[in-house]
Each structure stands twice: as structure tokens, then as C-alpha cells.
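There are 2 protein chains.
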Amino acid sequence: MVQKITVDFEPIGRRVEATPGQTILAVAQGAGFTLGAGGVYSPCGGKGLCGRCRVRVKGEGLSPLTEAERRVFTPQQIAEGFRLACQAALYAPVKVEIPPESMVGIQKLQVEGIEVEVMPEPPVARYTLTTEQTTIENPRPVWQQVAQRLASDYNLSQLQVDMELARQEPPLAQAKGGTVTVKGREIVNCFFHRPVPPPVGLAVDLGTTKVAGFLVHLETGATLASEGIMNPQIAYGEDVMSRLAYALEDEGQYQRIHQVIIDGLNRLAKDLATRAGLETKDIEEAVIVGNTAMHHLLLRLPIAQLARAPYVAAVTTPVEIKARDLGLSFSPGAYVYLMPVIAGFVGGDHVAMILGSRLDRTDKIVLGLDIGTNTEIVLKYNGRMLSCSCASGPAFEGAHILHGMRAVQGAIQAVRLKDGGTEVELETIADAAPLGICGSGILDAVAELYRTGVIDVHGRLNRQHPRVRVPEGGPAEFLLVPASESGTGEDIVITQKDIGEILLAKAAIATGTELLLKAAGLGVEDIQEVVVAGAFGTHLKVASAVAIGMFPPLPLELFRQVGNAAGTGARAALVSLAERRRAEEIAKQVGYLELMVQPSFQDTFVSSLSLPERSSL
Amino acid sequence: MVQKITVDFEPIGRRVEATPGQTILAVAQGAGFTLGAGGVYSPCGGKGLCGRCRVRVKGEGLSPLTEAERRVFTPQQIAEGFRLACQAALYAPVKVEIPPESMVGIQKLQVEGIEVEVMPEPPVARYTLTTEQTTIENPRPVWQQVAQRLASDYNLSQLQVDMELARQEPPLAQAKGGTVTVKGREIVNCFFHRPVPPPVGLAVDLGTTKVAGFLVHLETGATLASEGIMNPQIAYGEDVMSRLAYALEDEGQYQRIHQVIIDGLNRLAKDLATRAGLETKDIEEAVIVGNTAMHHLLLRLPIAQLARAPYVAAVTTPVEIKARDLGLSFSPGAYVYLMPVIAGFVGGDHVAMILGSRLDRTDKIVLGLDIGTNTEIVLKYNGRMLSCSCASGPAFEGAHILHGMRAVQGAIQAVRLKDGGTEVELETIADAAPLGICGSGILDAVAELYRTGVIDVHGRLNRQHPRVRVPEGGPAEFLLVPASESGTGEDIVITQKDIGEILLAKAAIATGTELLLKAAGLGVEDIQEVVVAGAFGTHLKVASAVAIGMFPPLPLELFRQVGNAAGTGARAALVSLAERRRAEEIAKQVGYLELMVQPSFQDTFVSSLSLPERSSL
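Top line first, the protein sequences correspond to chains P and H.
Under UniProt numbering, the first residue of the first sequence is numbered 1, with each subsequent residue one higher.
Under UniProt numbering, the first residue of the second sequence is numbered 1, with each subsequent residue one higher.
In C-alpha cells form, the structure reads like this:
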């Protein structure tokens, strides 16, 4: 019997027995390094062609370097012990280090506590090729050689070269070869005269208020950098309706509001790339998810019908467009993929939320909420999905609240009242002196005011309460923080109007939930899980939301706060074409419920404005 | 037995027997109206979905209109007797008129005497669809309805809408429906609010001197209009080298020479469309073939390596690009397809010439010549093709010839000398008074001067000849037309320098032929056919070209003058994706012989400068 040898695979820490003469790839595959367990990526099937199964070996005892390996590696890499797993055979015990880019497996996208498994199917593929110098005797320019080699070695025929890439790239091939990036049948990038950066893409959750960007490694799914910026369109309107109205006024204004978001995305991309030690021109693919208005303003689509009845999108199908056609300065041939849209007010961000939270795959009856200036709600039941959109307004972003502010340092994010509301306990972001109240703080405050009886079932402040006062000419207000304790040197109060804004917002959301359940023929008690997505949704106290009737009266353990699920969905779609197909399926499956045309809309909304009976708490 | 009924099909004039109750489509198919015989086009397979098998029926005796037919036809069309062949069943004798757009079959492209059979596989397809009005209760915009209908009725999923089309088209669907044009998975045009023009495309043979355009019906292959214009780039240089040099001087000049041809193509398209009663925005597809320099200047590709050694193309693969990305004002989503290129001086026009003349399919040993400022020659032998490019110069276009002119009214196009060259017989275009000499005329003249001994084997004029004179300070010249007989009022002469220009041109072509044969290991006697393409090639007298050694000394019956075969190839590729695949095969199969690096190039060229021994005539 042949003596077995041991092979240690790092960083996964697996020790495997091998038969002398086996290739590293065969050993890895034989040991069941299947999907999810850190197998070695080998798209060419172990022929030494793709150069993708690179590993680094510590120790002697390997077969000599093959020609394929000499073609793929630089002398420096060879010196560092790099080998192709499909080429190197084992004859003695060794340690094999699998670099991240060679690792295949179900990727884990980790975001704020939830983990999503993504089957990798990168939108672009890279190939390292040899070329011969172009001369009058060998008059084959670089693209001809590349096309011939991709056809012969990878069976990729009928390839096109992106025109802008062809315009930029010197056409004469050199003897040393290089790497190309291929998307489908198109060569979209190349590295013949410069170092090869990691394959990266940009995922964007394009919100009305906030734009979240993620720079992601397209093969491993690793997030290399992430950043949130304010949507610069905010200068032209706080909510989608005011922006649409601005853009509709004249073509020049539309162009301006379109251009500022393009500029903003270019800046965001540059910041992210710089943080990862890269440049924007290294970004080879992008996925953008946004609500329908953001989507349309980005693409310069017709919007009149979106701002007015019948409130519909112009385009709902997924859009794939060259980044440069939008004015985005990514790699020469980079594409941007925009998630499909469900309806005028249920956009690609909702599809991404469902995708990112895996709501489409559950067998339970689930209510999913993505709370924002506009709140989208989906009800998953009996294999179906039904969504609606609620105009919840920007109160939870701190807008329209007298001392409202965004969730930044100094914002009051949690409130607890004691002794019938005479004593106030606060929690501020970064424990700074309080400057104002953010969404979760005002939500808490209203819930506590109600619990302690400072407000009644209609939200009216009890004017007899010691902390309630009525300034001359103004509405009643509750003194939350006296000037002496605030960071602004002024009182921080909650006014009767502030409470009204919160009741309007919660009524909008509660109405959506109730009408969805009604359309589905279900009751609140049928809901088996409530998924709460979005930045505000992650930070709010669920008990408070239930207490004021914004969320249905269900046990707290049924609620799951999943963070920026839309961003997660965008990243999943960025690294995997399978996820895009799934997103397209979701967009097709989700039914849209237009609340405005429901006969009971008005009644439901009005009755939702009241606070729930305290007995139900 | 059931009584048979007779059906007359027009315009093909076929009388067929039918069983009552059969559909018109079934009758046509049963009668063997297969490809090439005028069958009825029915892409949906007779389901009444595509609306393409429309026929016009004279006489009663048909089944009632179906719902599908009411959807497809306007009341006016119904009144005119239009029916869908797949829906209408026959119960009495009728006359069925098949309109051209419903006729399938091998198309015949008729050009200057040759006929080419093209298997139709149109690049775009049209679908007529119903839509429901978009309202707040039915909030599905037009593209969503179109995508859903194409998916359900035609199994076309994952469709995208061209962004520019989506920007232009009103997004609200109306109850009356309309027609869309689909290319692959993309909706590229639509007709919801306007009449549906015939599906037309533009084929362009983009020559250095002349640009030939053809407006073609994409389904029938019929040429609706054709026109030739001068290439406006001629203002920046007569031949490709001078244009490349101009463009290389600075980026602004490159932009200018690029823009003039774009403008020229837009004008040409407009003229052609106007003649056919259409607009340029009705052009839904285009194919452009041109030599490599014209191709690169059109696409703004790098050209330094084309103008200098190693004289190679930047891009040789076929290019498919949105017309608008080139600045061409066709339909919103129209594509332009550019034929693949073989080498720096063997371009897409050569591929189109081989395609158009069907040279790739012959089993004979064939020499193919496309004569122009640059002459490309292909040798087809033993299943292989080998091509070269010869710098034959613009002499045959009338340039560099003292009294040279283009082949327009008044040009001497044929010359016959009598009585030892003392008497001259001429033929002019349109029988007008002679103004100058065009290519075929100067070719004839040199051949006749040699035959009658006025010039010797080196082309030297016999200064003793009565019609030969030596003006003071100038070269010797032969008086072709005295001032008294010319249309210019001045003598028309052929100078010693003119003869030298013709000998240079013929030597270039003869050298190419000889070196191709040498590379293939063949002799002149092995050639079984000579295909002569191009406008000049069609009009020249083959006997004269053989007499001066420009063409190999072969029996005249082996020569086939095929006209603008490149234009024919362009039209074939315009109407048929199968032809494009074939063109791409040709481009891959053709080997390129770089004459400059052949060791015997110089010797062959010098010996080709002499005229052949008269004994070989």
C-alpha cells in the first residue's frame, strides 16, 4: 500500500491525507471541500488555463513547475511559493495556504447581526493570457490575440471588445501577456500595461436621504470598504415628491438634480476606492438599488406619471447600462445593474430588502417593513408576497420635529419616564450632552408619554402635568431636557405638533399593515414573524413601536431587526448573477396593493391615528 | 368524399386544392410553399399571436374573424380584406394575396447581374401586442405590460428596454396596444402612438472614395432605395494614408475627420429614407463595411499602428454598437454592425466581398479581386483562403492622370486604336463630348497603345509616332482627342507619366496575384475562375486588363465581373444573422499575406512593371 502523506490546508485548518502524485486540487476536491467548506476555485476545470486556483505552498515535496504555472506567475510569485493547485502534485507533507481569491464557497455577508449566504456566480470573469509581440511578421494586434486565445483555451467565441476600452488601450500586443476581464461575451477591461487590482464592484443603496456604498470583492464577496453619505439631491427637496416636482418644473432642473446624484456617486466611489487603496477606474461592476423615484431620477426616465396619478414607474424591468452612459467614472467597460422595480412607490430597494432578508424563501407568514420617509411593507403568506407603500414621512429622520435631529452624536436615542412622567431618563448617542431627539428617541418618548398617562389615547398632552407647559401663542409641549442640562443651552421639548407627526407616521404604517392583512384574508394573530429593516428599523425599540400601535401587537420575540437588508441585497446581487435572477423573480412575484384605492383606506387611517388601548400592552 | 375547393395564391400565381375548414396557412404549407417558394411567414407557429402571416383575401367563404385578428387589424384593414392565414379557415374558392412582408423564402439580392440567395434571419423582430390602459387601479406602465405579454405569448423573458427609448416613450399604456421591435433580449423600438413603418435597415459600403448606401426591407431583403455619395473625408486626403496622417496630427483633426463621415452617413440615411417615403428614425438596424482605415476612423479607434509599421488594425473582431453612440440618428435603440476586419489593409469590405460573391463556398481555385485605391486580392484554394492588399493607387479613379476624371458623363470609358494607332475610336459615358478619361478608358488606352506598338514593353511612347508629341519641358504625350473634338475645347492627351501611373497600379495588382499563388504553391494555370468585384472592376474591359498584365493571362471566359459584391455582402449581413455568422467565419478563415515582408516582393514588383510579351496575348 502506498504511504499516505498529510496536507494541511490554511486558513480553514483542515488536515487531509493524500496519495503521493495527487494534485492539490484533487486532494482538496477529494476531501469534500465542497461549496461552503472552502473549496478551491477552478473555473477551467483543472486544465491549468484559467490561473485561478492559485495556492501558496510551504515546504518541499511538490512536482516541478509546469509551463502553465510559468505563464501565470511572476518570478516574484514563484519565489514566494505560489503554485496552481491543478498543476502541482504532492510527494511529501506540505502546508497549503488558500488565498481568499482562490476560495470558493457560500459567501457570508455579515451586516449588523444578520448573515446571508450567497451562492457565488460573479458577473465578470478574469483570464490571464499570454500574447506574442505584434510585429509586421506577426501582425496580430492585442484584441485579435486575446479573442483567439479565449476561443481556443476557454471556448469563448463571438467576443466583442468594449469600444471605449478599445479606444483607450494601446493595440500592439507585447510578449509578456496580461489579464482581461470578460462579462458575458464582452471584454470590458484589461491589464496589459499595469498591475492587476483585485476584482471589485460597487453596491449602492440609493436612499432618498442617505446613500450607502459598499466596495466589494467580486469573487469573495468581502466588503473592502463601506460608507454612507447624504443624498445631495436633498438640496432640491427633502422627500421624493418635492424632488419630482422640482425636476418636472423644467428640463434644466431635471438635468441638475440628475447630475448631482451622479456626481455624488462618483465621489462616494472615489472615497471607497481610496480607502481600499484602489481607484474608481478599478470598479468593474456596480449594482444600485433605490426607490422608484431615485431610480428614475438617476436614469433620467419620464417622471410626470410618477408624481401624479396613476403614480406609476416608467420602467420596472431590471436595467443594465454602461456606467459611462450614466456619467459614472468606473472601469472603461463597467456596467451598472439596477434592480427591477415593483411599482411607483415600491422600488428596487424593496426588492433588495426582500432578497437581502431572504423573505422570499420563508414558509412562515411574515410581515416585512422597511421604514423610511416612505415605508414599504411586504406580507409573505402561502407562497405569495403582497407589498404596499405608506407615506410615513420624514419624522423619524428628525424632520418636522421641533427639536428633531438625525441619529448622530448628541441625539437622544432612548427615553424612559419615571414617576408618572415627572422624571426623565435619557440615553444619547456617544453619551454626549443632548442636542436634540432622533427617530428612536421620539418614538420612545411618545410611547412613554402614553404609558405614563402624560398623553391620552388621541395623543393630547395633559396640560396639568408638571412638565407640560403652554408657551404663549404656541402649542403645548413636554419639557424633556431643561436648558441647564442640554448641550445647546436651550430647553429640549416635545410639542403637541411633534406628537401629531409621530401619530401620522405610525398611522400610515399601521394602515398599510392592516390593509395588507385584509387583502390577504389574514388577521394580526396569523403573523409568525415581523422583519424590520432599515437603519431606523434597526435602532428603534420594538416595544415602543408596538406600544404606540406602529407595529402590530405581537410578542416581542416574533420581531427580527435585520439592519440594512436592502444594502445586503444589493451586495448579494453585485457578486452573484444567481442573486439577480432571484431578484427578478421576486419583482415578478410581488403583488402591489395600492392603498389609496382601497375602500377602507380612509377609515382605517383615521382610526389608526389613535393610540391603542393600554390594555393591549 | 369532401368536395375540394380551389385557392389561388398571388402574386406567386399558384392554384392549390384545399379541404374545406383548412386554414390558409395549412393550405400554403401543405402545398409545399417552403423556403424559396414563397411560403407564408409565421414565427409564432400559427397561434395567432405574432400577427405576421397577414394575407388579403378576395371573395367570400372564410371563417369569421377571430379575436386574435380583431386585435391585430385596424377596422380599415378588416374592411380591405386582411386576415391572418393561421386563423382564417376556407369554405369556398378564394383568391389569397400574400403581401411581401408576409412572404418567406430565400431572398434574391439582385445587383448588377449577379444574384445572391440569402437565408432570412432578420436581426430584429416585431410583435404586435394589446395593452390595457394604465390607471391607478391597473397601475402597469407600458413597458411592464409589453414585457409581460412578450413573456407569456412569445416566451421572451428577461427583456430590457433600450434606455433612450424608455426616455422618449410616454410610459402610460393605452387601451389600443401597438407594435414593438425586439433585438435579442432588448426592446429597441416601439409604435404605440404612431403608424408602423416597414422594418428597414441601412447597408453601407464605406469606401475611401465612394460611400454606397442601401435602404433595405429587413424581412423581405428588398432594396427600397440606393445611392452613392462621395466620402466627405476626401477633403482631408485622397487616400487612406493621407487621411490617417491628418487624423494623427492632433486629436481635434481626428475628431473632425471622424465627424464628417458621421455627418455624411446621416445625410445619406436621410436621403435614402426620404426617397422611400420614410424618416431616418425609421432605420432600425445598420451594417457598415469598409476598409480598415475607414472602419477605424468611423469608430475613433487608435490608428498610429495602422499608419506605421506594423500596419495593424486595433480591433478586428466584429463590432456591434448603438447607432446613437456613433452620433447616427437612426431609431432610438438601433444598432450598427461593423463587419470583422482581417488585417491592417484587408478590411470588412473584403470580408463582405467574399460573402457577397459567395467565394467562400466554391470548390474551385478562385482568384478574387476588389480593385480600388487599395486592391484586395483573395485566393481560394483547397478549402483555404489567403488574402493580400496591394497599394494600387487612385489612378483608376482618374486621379494622378493628367486628363483623368471619374466615371461620370463625358468620361471616355472605352478606347480602340486603328491603323497602328493613328486613328482613335472612343466611347464616352452618355455619349457626351469627351471631357477626360476614366479608369476603364485609360486601361483600354494603354492596352491599345501597346497592341498597336505606340508604346514598347516598358511603356515608353514612340516619339516618331504621328500622334505622339513632346511639349516643351514636359513629358511625351499621345494625342487622344484634339481640342476641336473635345468637350473642354482643349486637347485630351495621355502622357508618359500617365502610362507610368497605370503601370505602377497594374504592377501592384500583378505582384499581389503572383505572391499569393507562390505562397499557395500554385501556378497561374491552376486558377479556375477570376472574380472581379467593385465598380471599376465591373466596367473595365477584362481583355485590356489581361493585355497589360494586370490580370493573369487566362481565357476571358474564366473571368466573372460581379459588381459591388461588398455592398451585396453588406446587404446580406443586414437582413440575416446567419450571414453575419458566416462573415465572422470568413474573417477567421482568411489568412493574411503581408506582401512587404515577402523576400521576392521587390523583384516581383519590378518585373511586373514591364508589359507582358505580346506573344502571350
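All residues carry an ideal CB built from backbone N, CA and C; glycine is no exception.
Since the structure is predicted, the reported quantities are computational estimates derived from the model, not experimental observations.
Could you tell me the distance, in whole angstroms, from the CA atom of residue i to the CA atom of residue j?
| i | j | result |
| --- | --- | --- |
| residue 609 (chain P) | residue 393 (chain P) | 14 Å |
| residue 9 (chain P) | residue 75 (chain P) | 24 Å |
| residue 603 (chain H) | residue 266 (chain H) | 46 Å |
| residue 525 (chain H) | residue 367 (chain H) | 12 Å |
| residue 376 (chain H) | residue 407 (chain H) | 21 Å |
| residue 541 (chain H) | residue 127 (chain H) | 50 Å |
| residue 156 (chain P) | residue 606 (chain H) | 45 Å |
| residue 423 (chain H) | residue 413 (chain H) | 17 Å |
| residue 25 (chain P) | residue 559 (chain P) | 45 Å |
| residue 612 (chain P) | residue 510 (chain P) | 11 Å |
| residue 582 (chain H) | residue 152 (chain P) | 19 Å |
| residue 37 (chain H) | residue 28 (chain H) | Low confidence applies here, because residue 37 (chain H) scores a pLDDT of 33, under 50, leaving its location unreliable; read the following figure in that light. Looking at the two C-alpha atoms, the distance is approximately 10 Å. |
| residue 319 (chain P) | residue 85 (chain H) | 37 Å |
| residue 208 (chain H) | residue 458 (chain H) | 30 Å |
| residue 532 (chain H) | residue 564 (chain H) | 9 Å |
| residue 230 (chain P) | residue 587 (chain P) | 27 Å |
Starting from residue i, trace the alpha helix (DSSP H) in both directions and tell me its first and last residue.
| i | result |
| --- | --- |
| residue 146 (chain H) | 142-154 |
| residue 385 (chain H) | It is not in any alpha helix (DSSP H) - residue 385 (chain H) instead sits in the beta strand (DSSP E) that spans 384-390. |
| residue 230 (chain P) | Unbroken run through residue 230 (chain P) is the beta strand (DSSP E), 223-230; no alpha helix (DSSP H). |
| residue 179 (chain H) | No alpha helix (DSSP H) holds residue 179 (chain H); the beta strand (DSSP E) holding it covers 178-183. |
Residue i CB to nearest chain P CB: under 8 Å?
| i | result |
| --- | --- |
| residue 344 (chain H) | yes |
| residue 135 (chain H) | yes |
| residue 161 (chain H) | yes |
| residue 584 (chain H) | yes |
| residue 68 (chain H) | no |
| residue 144 (chain H) | yes |
Give the range of the beta strand (DSSP E) segment to which residue i is assigned.
| i | result |
| --- | --- |
| residue 252 (chain P) | Careful: residue 252 (chain P) lies outside any beta strand (DSSP E), inside the alpha helix (DSSP H) at 251-275. |
| residue 217 (chain P) | 210-217 |
| residue 321 (chain H) | 319-322 |
| residue 376 (chain P) | 375-381 |
| residue 518 (chain P) | Per DSSP, residue 518 (chain P) belongs to no beta strand (DSSP E); it is in the alpha helix (DSSP H), 496-520. |
| residue 128 (chain P) | 125-129 |
| residue 83 (chain P) | 82-84 |
Using a 10 Å radius around the Cβ and a threshold of 16 neighbouring Cβ atoms, would you call residue i buried or exposed?
| i | result |
| --- | --- |
| residue 431 (chain H) | exposed |
| residue 47 (chain H) | exposed |
| residue 385 (chain H) | buried |
| residue 387 (chain H) | buried |
| residue 580 (chain P) | buried |
| residue 338 (chain P) | buried |
| residue 597 (chain H) | exposed |
| residue 205 (chain P) | buried |
| residue 110 (chain H) | Because the pLDDT of residue 110 (chain H) is 40, which lies under 50, any placement of that residue in the model is unreliable, and the number read from its coordinates should be weighed accordingly. Residue 110 (chain H) comes out exposed. |
Answer with yes or no whether the minimum CB distance from residue i to chain H is below 8 Å.
| i | result |
| --- | --- |
| residue 112 (chain P) | For residue 112 (chain P), the pLDDT reaches just 48, beneath the cut-off of 50, and the residue's location in the model is therefore unreliable, although a value from the coordinates is still provided. False, the Cβ-Cβ gap to chain H never drops below 8 Å. |
| residue 121 (chain P) | no |
| residue 147 (chain P) | yes |
| residue 141 (chain P) | yes |
Cβ-based contacts, 8 Å cut-off: residues of the region 305-338 of chain P near chain H:
305, 309, 310, 311, 312, 313, 314, 315, 316, 317, 318, 319, 320, 321, 325
Interface residues of the region 590-602 of chain H facing chain P [CB-CB below 9 Å]
Among the residues of the region 590-602 of chain H, those with a Cβ less than 9 Å away from any Cβ of chain P are 592, 594, 596, 597, in the order of the chain.
Proximal residues, the region 546-571 of chain H versus chain P, C-beta separation under 8 Å
Result list empty, no residue passes.
Under 7 Å, CB to CB, which of the residues in the region 275-307 of chain P have a partner in chain H?
299, 300, 301, 302, 305
Using a beta-carbon distance cut-off of less than 9 Å, what residues from the region 159-184 of chain P approach chain H?
Correct list: 159, 160, 161, 163, 166, 167, 168, 169, 170, 171, 172.
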